[in-house]
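Chains A and B, in that order, give the protein sequences.
Under my numbering, the first residue of the first sequence carries the number 36, and numbering increases by one thereafter.
Under my numbering, the first residue of the second sequence carries the number 23, and numbering increases by one thereafter.
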Amino acid sequence: MKRTGYQLWQMIVLILLAAAMVVSLAAPESLLTPPAPRRVEISILMRQSGTSAWSVVRQGMEQAAEDLNAELRFLALEEENNGEEQIQLLRSQAQMDVDAAVVVPADCQGLDELLSQWKELPVITLESPLENAQAFVGPSNEEVGTLLAGQVIEDCSPGKKFLLVESHPGCQGPSRRLESTREALEQAGFAPEVCSEITASQMEQADGVICFEPATLERAAVLASQMEDPPLVYGAGVSDRSVAQLEVGGIKALAAWSDYASGYLAVTQAVAAARDQSAEDKILPVTLVQEGETYDQNHEKLLYPVFQ
Amino acid sequence: MLLRALVGKFTRSYEKMSIQRVISLTFTAVAVVGVLFIGLSLTLRYSTVNEKVQAQASQQVLNQVNLSLDSYLRRMMRISDTVYYRLLKNEDLTDGLSEEKLALLYEENRDSMVSIAVFDSRGALVGATPLAIMKEGVNPSEQSWFTAALAQIENIHFSTPHVQNLFQSTDGSYHWVISLSRQVELTRGGASESGVLLVDMSFSGVEQICRSTDLGTDGYLYVVDADGELIYHPRQQLLYAGLLQENNKAAAQLSDGTHWETFQGTRRQVTVKTVGYTGWKLVGVVPVQGLAMSTAQLMLFVVSVLLFSIFLMIFVNGRLSAHITQPIRQLEQAVRQTGRGGEMPQVPEAGCYEVQQLGHSIRSMVSTMRHLMNDVIQQEEDKRRSELEVLQSQINPHFLYNTLDSVIWLTESGRYEDSIRMVTALGRLFRISLSRGKRVISLESELNHAGYYMTIQQIRYKNKFAFNIQKDTPVEGLYCLKLIIQPLLENAIYHGMAAEDDDGQITVRVWREGEDLYIDVEDNGLGMTPEVLASLLDENRPAQGKGSGIGVQNVHRRIQLTYGNQYGLEFYSEPDEGTTVRIHLPVVTSPEENPGKEEAR
Chain A
36 MKRTGYQLWQ MIVLILLAAA MVVSLAAPES LLTPPAPRRV EISILMRQSG TSAWSVVRQG
96 MEQAAEDLNA ELRFLALEEE NNGEEQIQLL RSQAQMDVDA AVVVPADCQG LDELLSQWKE
156 LPVITLESPL ENAQAFVGPS NEEVGTLLAG QVIEDCSPGK KFLLVESHPG CQGPSRRLES
216 TREALEQAGF APEVCSEITA SQMEQADGVI CFEPATLERA AVLASQMEDP PLVYGAGVSD
276 RSVAQLEVGG IKALAAWSDY ASGYLAVTQA VAAARDQSAE DKILPVTLVQ EGETYDQNHE
336 KLLYPVFQ
Chain B
23 MLLRALVGKF TRSYEKMSIQ RVISLTFTAV AVVGVLFIGL SLTLRYSTVN EKVQAQASQQ
83 VLNQVNLSLD SYLRRMMRIS DTVYYRLLKN EDLTDGLSEE KLALLYEENR DSMVSIAVFD
143 SRGALVGATP LAIMKEGVNP SEQSWFTAAL AQIENIHFST PHVQNLFQST DGSYHWVISL
203 SRQVELTRGG ASESGVLLVD MSFSGVEQIC RSTDLGTDGY LYVVDADGEL IYHPRQQLLY
263 AGLLQENNKA AAQLSDGTHW ETFQGTRRQV TVKTVGYTGW KLVGVVPVQG LAMSTAQLML
323 FVVSVLLFSI FLMIFVNGRL SAHITQPIRQ LEQAVRQTGR GGEMPQVPEA GCYEVQQLGH
383 SIRSMVSTMR HLMNDVIQQE EDKRRSELEV LQSQINPHFL YNTLDSVIWL TESGRYEDSI
443 RMVTALGRLF RISLSRGKRV ISLESELNHA GYYMTIQQIR YKNKFAFNIQ KDTPVEGLYC
503 LKLIIQPLLE NAIYHGMAAE DDDGQITVRV WREGEDLYID VEDNGLGMTP EVLASLLDEN
563 RPAQGKGSGI GVQNVHRRIQ LTYGNQYGLE FYSEPDEGTT VRIHLPVVTS PEENPGKEEA
623 R
C-alpha cells in the first residue's frame with residue numbers, strides 16, 4: 036500500500052514536470068519577462084506656445100514618451116504667460132488622473148507657493164527652477180547670464196549703453212539670467228539698464244541689447260534688422276528666426292543649449308517621479324555661438340535639429 | 023580530513039545499501055551527468071544557432087538596405103552624370119548654364135534632392151536650381167565637398183550630413199543634406215576649365231531607406247562613413263544632444279560580417295555591411311536580449327527539461343533496477359531463510375543469465391544439503407531405532423528366571439501339562455522375538471507373540487487374570503513392527519493386575535479405520551491419575567516400582583521413528599477403572615512397505 040502511494044506520487048511529480056516543460060516552451064515570452072513599466076500620463080503646461088523653440092522641446096518630449104511608455108498631454112494657456120490660469124490648469128490635471136506634470140512656469144512665485152503645500156502631482160519645471168518642484172531641467176541660468184556678459188565685455192568697452200530686456204518678470208529663469216548679466220557687466224564697469232519691453236526707439240538709443248528668452252530675442256533681432264545703425268543684439272535660447280539672424284549678423288552672439296535635450300530630460304524626470312522614483316535636476320551645458328559660427332560642426336547639430 | 027570523513031561516510035552508506043539502490047543510484051548518477059552534458063551542449067548549440075540565425079537575418083536586412091541605399095546613391099550619381107554629360111560636357115557656358123534643363127532634371131527628382139549647383143574652380147556659382155541666390159559671405163571653395171572634388175577628380179564624393187548653407191532660403195527653412203560632389207570640365211569661350219558639380223541629396227531620403235528596417239524589438243541600424251562619422255542613426259538627435267552614445271568609431275573599423283561587442287555594459291551582436299563606392303558602413307545592432315528566444319525563457323525551458331529528464335531517470339531506473347534485482351533479492355531471501363533453518367524454501371531460478379546460474383547453483387547446493395541432512399537424520403533415526411530394537415529384543419533376565427523357576431516348580435509338583443505348555447510358549451516366544459532379524463513381522467505373529475507371553479504369565483500368576491485377543495478386522499496380510507504389544511502387556515500385568523484378585527481382565531483388540539490400524543491393550547486394573555498418564559512418555563520420568571516405563575517409551579519411539587510422528591501410543595485411563603493403551607499404526611500390507619514415514623518425509 037505504502038509502495039503504491041509512493042509510485043503514485045512519483046507519477047504525479049513526473050506529470051507535473053512534463054507539464055512544466057511544455058508550458059515553458061509554449062508560454063509566450065511576455066509571461067517570462069518582467070512586465071513593461073506602467074504607462075503614465077504626463078501633462079505639459081507651457082507659458083507660451085507656437086514658437087519654433089517649443090517645437091524642438093516637444094520633439095524631445097515625444098521621443099522620451101515613446102521610450103518610457105508615457106502619454107503626453109500638451110496644454111496651452113488661453114492667455115500666454117497667465118500664471119493664475121496655469122495654476123488652475125495644473126490643479127485640474129491632478130483630478131484627471133495625470134501622474135506628473137512638466138511646467139514652464141509663467142508665475143514662478145505663485146507656482147512655488149502652490150507647490151509648497153500642494154503635493155498631489157509631481158511637477159518638473161523647465162526654464163525656471165522652483166524650490167518646491169520635484170526637479171528642474173534646463174541650463175544654468177547664472178551661467179547663461181555670465182556667458183552673455185562675458186561676450187559683451189569682450190566685444191564692447193564699458194562706456195557703451197546696454198539694455199537688459201526683462202519681458203517676463205514673473206519668470207525666474209530669465210530673471211536670473213538677467214541678474215547674472217547685470218552683475219557681471221556692472222563689475223566690468225558697464226551701466227546696463229533694465230527695460231520690460233523693447234521698442235525701436237529704445238534700441239536706437241542703445242549700443243547693445245541683451246534678451247534672455249527666445250521670443251524677446253526674435254523681436255529685438257527683427258527691430259535691429261530694420262534699423263540703419265542697429266545696436267548689437269545678444270540673447271539666450273534657440274529659435275529658427277534667432278538662428279537665422281545669428282547667421283546673418285542680426286544677432287551678435289547667442290547662448291544656446293539643446294531644447295531637444297531639455298524636453299527629453301524633462302519627461303524622463305517626470306516619468307521617474309510618476310513611478311515613485313527619484314527625480315533630479317538636470318543642468319544642460321550652454322554654448323555661446325557667435326555670428327557666422329552657426330555652421331560649425333558642433334554648433335550645427337545644436338542649432339539645426341535633424342528631424343523637423 | 024574532511025574528504026576522508028566523507029569517503030568513510032559514503033563507504034558505510036554504500037555497504038548498507040541494497041543492490042537495487044546501488045544500481046538505481048549509479049544509473050541515475052550516470053544518466054544525470056549525461057543529461058546535463060547533453061542539455062548544456064544542446065543549449066550552447068541552440069544559442070549558437072540562434073545567434074547565427076539572427077546574424078543571417080541581420081545580414082539579410084542589411085543587404086536589403088544596402089541595395090536600396092546603393093540604388094538611391096546610384097540614382098544620384100546618374101543625375102550627376104546626366105548633368106555633367108548632357109548639360110555641361112559639350113556646352114559652352116559663356117552665356118551661362120541652361121537652368122531650364124537643370125530645373126527639369128531637379129523637378130523629376132525633387133523628392134530626393136534639395137539642389138543641383140555648378141561652381142567654377144574658384145567657387146563662383148555657374149548655375150543652380152532651385153535656389154539660385156547664394157548667401158552673402160559664403161565661399162564654396164573652402165567647403166570640404168568642394169576641396170575633395172578637386173583633390174580627387176576621378177571620384178565622386180559623398181559628404182556626411184550637414185545643413186546646406188549655400189543658398190538663401192525664401193521661407194527661412196534649412197535643409198540637412200548629404201552632398202554629392204565631383205569635378206567637372208567646364209567650357210567657356212572655347213576654353214576648358216575645372217569646376218565642381220554639387221548635388222545636395224535630401225537627408226530624409228537616406229533616413230527613409232534606413233528607418234524602415236526591422237532588426238527585432240531592440241535592434242536597429244545606423245550608418246557611418248569610413249571615419250566613423252554618423253550618417254544616419256534612428257536616435258540621431260539624442261546623439262547630437264549628448265544624451266546618448268554610440269560605438270560608431272569602433273564600428274567603422276570592423277570588417278563586413280558579424281561581430282560581438284560590449285558597449286555600455288550591453289552585449290550586442292553587430293553586423294556590418296559596406297556600401298559600395300561610398301565606403302559607408304551599414305551597422306546592424308541587436309542586443310543579446312533581443313535575440314529570438316529570451317535568455318529567461320531558454321533557461322526556464324532547459325531547467326524544465328533537465329528536471330523532467332532527471333526525475334524520469336530516477337523513476338525509470340528505480341523500476342528497472344527493481345526488476346533486475348528482484349531475482350537476486352528472492353535468492354537472498356531464500357538463502358537467508360535457509361540459514362534460519364526450518365522448511366527449506368523454493369530457490370527461484372529467474373532473471374538474467376548470471377542470476378539464473380547463481381540460483382541454479384544455490385538450488386543444487388540446497389538440494390545436496392537437504393539430501394545430506396536427510397541422510398544424517400535417517401542415519402540418526404536408524405541408529406536410534408536399532409538401539410531401541412536391540413534394547414527391546416533383550417529378554418528380561420527376571421522374566422526368563424521366573425519362567426524357568428515356574429517350569430521347575432510345575433515339574434516338581436507334577437503338573438507336567440502346564441510345564442510343557444509353558445516351555446512351549448517360551449520357545450515360540452523366543453522364535454517370534456528373533457524372527458530371523460526382521461523388524462517388521464505379520465500382525466498375526468505379533469498377536470501370537472502376545473498370546474505366548476500372556477500364556478506364560480497366566481501360568482505364573484495362577485490365572486489371576488483373563489486374557490483374550492479380539493480381532494475386529496481380519497489381520498491376514500497385515501504387518502507391523504515386532505514386539506510392540508508385549509511391553510504394553512507387561513505394563514498392564516505389573517501395574518494393573520498385580521494387586522488384583524482373580525477377576526483381572528486384559529484384552530487386546532485390533533481394528534482398522536481406513537488406512538489406520540489400531541491395537542488397544544485394555545486392562546481393568548488400578549488405572550492412573552492424569553498426572554501419571556501425562557508423564558508416561560516423558561523420558562526424564564523417574565522410575566516407579568517394577569519397570570521404569572522404558573518399554574512403553576521404547577515402543578512409542580520405535581513406532582514414530584519407523585512411521586512418523588503422527589503414529590505412536592495413546593493412553594486412556596481412569597483411576598480404579600482401568601487403562602487402555604492404543605497403538606496407532608498405518609495399515610501395512612508388505613514387510614518392506616513404510617507408508618507413514620514416506621508421508622512424513
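Yeah, the Cβ is synthetic: ideal placement off N, Cα and C, and Gly gets one too.
Small disclaimer: the values here were computed from a predicted structure and weren't measured.
Skipping 5 residues on each side, what residues in its chain have a beta carbon closer than 6 angstroms to that of residue i?
| i | result |
| --- | --- |
| Ile454 of chain B | Ser467 and His471 |
| Asp278 of chain B | Val294, Lys295 and Thr296 |
| Ser570 of chain B | Any reading at Ser570 of chain B must be qualified, since the residue scores a pLDDT of 48, below 50, and its modelled position is unreliable; the value itself is stated next. Counting only Cβ-Cβ distances below 6 angstroms, and skipping sequence neighbours, we find nothing. |
| Leu500 of chain B | Leu465 |
Can you name the residues of chain A whose CB is closer than 7 angstroms to the CB of residue i?
| i | result |
| --- | --- |
| Val327 of chain B | Met56 |
| Tyr196 of chain B | Tyr339 |
In chain B, what lies closer than 9 angstroms to residue i by C-beta?
| i | result |
| --- | --- |
| Tyr299 of chain A | Gln259, Leu260, Ala263 and Leu265 |
| Ser293 of chain A | Gln259, Tyr262, Ala263, Gly264 and Leu265 |
What residues from chain A crowd round residue i, counting only those whose CB sits closer than 9 angstroms?
| i | result |
| --- | --- |
| Val29 of chain B | By Cβ distance, chain A contributes nothing, its closest Cβ being about 30 angstroms from Val29 of chain B, past 9 angstroms. |
Identify, in the order they occur along the chain, each residue of the same chain with its Cβ nearer than 8 angstroms to the Cβ of residue i, setting aside the five sequence neighbours on each side.
| i | result |
| --- | --- |
| Gly241 of chain B | Ser80, Gly306, Val307, Val308, Pro309 and Gly312 |
| Met335 of chain B | Phe49, Thr50, Ala53, Val54 and Val57 |
| Val327 of chain B | Gly61 |
| Met476 of chain B | Phe489, Leu511 and Ile528 |
| His670 of chain B | This structure gives no information on residue 670 of chain B, because the portion of chain B shown stretches from 23 to 623. |
| Gln130 of chain A | none |
Using the beta-carbon of each residue, which ones in chain A are nearer than 8 angstroms to residue i?
| i | result |
| --- | --- |
| Phe330 of chain B | Leu49, Leu52, Ala53, Ala55 and Met56 |
| Tyr244 of chain B | Here the premise fails: no neighbours, minimum Cβ distance about 13 angstroms. |
State the Cα-Cα distance for the pair residue i and residue j, rounded to the nearest angstrom.
| i | j | result |
| --- | --- | --- |
| Gly203 of chain B | Met98 of chain B | Here residue 203 of chain B turns out to be Ser, not Gly, going by the sequence shown. About 10 angstroms. |
| Gly626 of chain B | Ile430 of chain B | Residue 626 of chain B lies beyond the range of chain B shown here (23 to 623); nothing can be said about it. |
| Ala146 of chain B | Gln165 of chain B | 13 angstroms |
| Pro370 of chain B | Thr50 of chain B | 28 angstroms |
| Asp132 of chain A | Val200 of chain A | 39 angstroms |
| Leu161 of chain A | Gly145 of chain A | 16 angstroms |
| Gly272 of chain A | Val278 of chain A | 9 angstroms |
| Lys317 of chain A | Pro174 of chain A | 8 angstroms |
| Gly373 of chain B | Arg67 of chain B | 42 angstroms |
| Gln267 of chain B | Ser231 of chain A | 42 angstroms |
| Gln368 of chain B | Arg534 of chain B | 38 angstroms |
| Ala111 of chain A | Val75 of chain A | 20 angstroms |
| Ile332 of chain B | His255 of chain B | 49 angstroms |
Suppose the cutoff is 7 angstroms on Cβ atoms and the five residues either side in sequence are ignored; what does the same chain contact list for residue i look like?
| i | result |
| --- | --- |
| Asp190 of chain A | Leu267 and Lys287 |
| Glu561 of chain B | Gln575 |
| Ala77 of chain B | Thr280, Gln291 and Thr293 |
| Gly624 of chain B | Because residue 624 of chain B is not part of the residues shown, which for chain B are 23 to 623, the question remains open. |
Tell me which residue opens and which closes the beta strand (DSSP E) that residue i is part of.
| i | result |
| --- | --- |
| Ile491 of chain B | Phe487 to Lys493 |
| Phe141 of chain B | Met135 to Asp142 |
| Pro608 of chain B | Gly600 to Pro608 |
| Gln325 of chain A | Thr322 to Gln325 |
Along chain B, which residues have their Cβ under 8 angstroms away from the Cβ of residue i?
| i | result |
| --- | --- |
| Glu335 of chain A | His184 and Val185 |
Using a cut-off of 7 angstroms between C-beta atoms, extract the partners of residue i located in chain B.
| i | result |
| --- | --- |
| Gln45 of chain A | Phe337 |
| Ala290 of chain A | Ordered by position in chain B, no residue passes the 7 angstroms Cβ test against Ala290 of chain A, which lies about 16 angstroms from the chain. |
| Ala307 of chain A | Per Cβ cutoff of 7 angstroms: no residues; Ala307 of chain A is ~15 angstroms from chain B at best. |
Tell me which residue opens and which closes the alpha helix (DSSP H) that residue i is part of.
| i | result |
| --- | --- |
| Val75 of chain B | Ile41 to Thr104 |
Exercise. When you check each C-beta in the region 168-190 of chain B against every C-beta of chain A, which residues fall closer than 8 angstroms?
Worked result: Pro183, His184, Val185 and Asn187
Problem set entry | Residues within the region 123-144 of chain B neighbouring chain A, beta-carbon criterion of under 7 angstroms | none
Exercise. When you check each C-beta in the region 249-283 of chain A against every C-beta of chain B, which residues fall closer than 9 angstroms?
Worked result: Asp275, Arg276, Val278, Ala279, Glu282 and Val283
Exercise. When Cβ atoms are compared, which residues of the region 332-356 of chain B fall closer than 7 angstroms to chain A?
Worked result: Phe333, Leu334 and Phe337
Problem set entry | Positions along the region 82-112 of chain A whose CB lies within less than 8 angstroms of some CB in chain B | Gln94, Gly95 and Gln98
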